[in-house]
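Here is the structure we will look at, set down as structure tokens.
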Amino acid sequence: MNNFSTKLINWYHNHKRDLPWRNTRDPFKIWLSEIILQQTRVDQGLSYYHKFIDRFSSVKDLAKASEDEVLSLWQGLGYYSRGRNLRKAAIQVMEEFNGVFPKDSVNLKKLKGIGDYSSAAISSFSNDEKIAVVDGNVYRVLSRIFNISTPIDTGQGKKEFNTLANALISSIDPASHNQAIMEYGATVCTPKKPLCNNCIFSDQCEAFNNNLVYSLPVKSKKIKKSTRHFHFEFILKENKVLLQKRDEKGIWANMFQLPLTETTSDQSPFSEKIELNWQCKHVLSHQNLFCKFYISNDNSSREGIWIELNQVEKYAIPKVIDNFLSQYFQ
DNA sequence: TTCCTGGGAC
DNA sequence: GTCCCAGGAA
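FYI, the numbering for the first sequence is 140 to 469, going by this note's numbering.
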């Protein structure tokens with residue numbers, strides 16, 4: 140075992156956070172935690188993990204659930220394709236793996252929603268497979284310690300960091316090594332205000348010793364954002380609100396929303412309807428959404444489903460609409 | 001292979 | 001403004 144891995148694993152055993160998915164070898168529970176933690180911080184994902192574990196005690200239970208229910212449980216986490224793929228993967232396990240959750244990285248990657256990172260994480264944590272995880276934490280830790288300025292969002296960068304990560308991983312305890320390097324990135328070698336003065340690698344960290352910590356890792360692409368204008372109608376009839384199901388493609392796929400009219404400008408598309416004193420800019424990864432809300436008169440010929448106000452919470456609704464519904468009427 | 005898309009919290 | 005992976009289209 141190399142010095143890097145030894146130091147890292149020793150640090151981990153003394154500093155690791157006690158998280159529920161770290162006390163199990165069950166690939167189902169580990170998979171659930173990894174999908175939730177994709178693009179999501181531990182403190183935000185923790186309550187969702189408990190919610191899913193409480194509702195689904197096995198992959199079989201999850202495979203039997205409806206997409207609407209899974210999306211409803213997922214509401215507020217974002218990147219809803221993770222929720223839809225969670226259910227699809229559970230069905231795959233039942234149909235293609237006889238209900239036995241796979242533990243090896245090759246078979247794990249066949250499941251919807253599991254890519255390079257998740258397959259390495261689940262196989263090492265549940266079955267000690269020696270395969271390095273490469274997530275945002277790993278890019279950050281390795282780029283700084285070894286002063287690697289290859290952009291991480293390129294094919295070349297991914298290959299280079301993946302090779303290095305696999306050269307460093309412990310043969311004796313790959314699971315702890317993988318947990319450790321990510322925990323280190325999440326708690327010590329952080330994006331902002333890293334704890335360099337308490338870092339066990341500060342003597343050998345090339346970024347720290349050359350004052351490059353804040354310029355690593357390097358990203359090459361800048362995201363371009365589009366701007367969209369959403370006008371939502373709030374239509375109430377006998378204490379029921381009209382909801383419509385969104386298309387299966389694009390943002391908030393298959394979720395429920397207030398009737399929506401999209402325009403290219405800020406101008407209201409409605410001549411008669413009263414605009415409510417509630418508007419907001421909702422920011423997604425590639426889009427700025429300017430949202431306005433209007434009161435509409437009772438109109439029973441409209442498409443959609445009428446839902447009791449106190450039943451709305453059972454439906455998967457985008458955060459921006461949920462905010463409106465829960466706060467405007469307080 | 002590369003590029004684009006997809007949510008929410010901080 | 002920043003951070004967080006994967007799928008599917010090009």
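By construction, the Cβ of each residue, glycine as well, lies at the ideal position given by its N, Cα and C atoms.
Could you tell me the alpha carbon to alpha carbon distance between L303 and V245, rounded to whole angstroms? 20 Å
Do the segment 144-159 and the segment 306-320 meet, that is, are 3 or more Cβ pairs less than 8 Å apart? yes
Is the segment 213-226 touching the segment 237-244 in the sense that three or more CB pairs, one from each, lie closer than 8 Å? no
Would you list, in sequence order, the uninterrupted beta strand (DSSP E) runs of no fewer than 3 residues that lie entirely inside the segment 247-326? none
When you compare only the Cα positions, how much space is there between Q426 and K361? 13 Å
Based on the DSSP output, what are the partners of H421 in its beta bridges? L428
Tell me whether L147 sits in a helix, a strand or coil according to DSSP, three-state version. helix
Between the alpha carbons of I413 and I434, how many angstroms are there, rounded? 5 Å
What residue range does the beta strand (DSSP E) around Q450 cover? First-last for Q450: undefined, no H or E at that position.
Cα-Cα separation between K388 and L428, rounded to whole angstroms: 17 Å
Collapsed DSSP secondary structure at V245 in the structure displayed: helix
For S262 versus D274, is the C-beta distance shorter than 8 Å? no
Under a three-way DSSP split, which group does F211 fall into? The amino acid at residue 211 is misidentified as Phe; the sequence shows Ser. Correct three-state label for S211: helix.
By DSSP, does E387 sit in helix, in strand, or in coil? coil
To which residues of the same chain is L355 closer than 6 Å at the C-beta, ignoring the five residues directly before and after it? S282, R283 and A346
Any idea what DSSP makes of F369, helix, strand or coil? strand
Simplified DSSP assignment, three categories, for I460: helix
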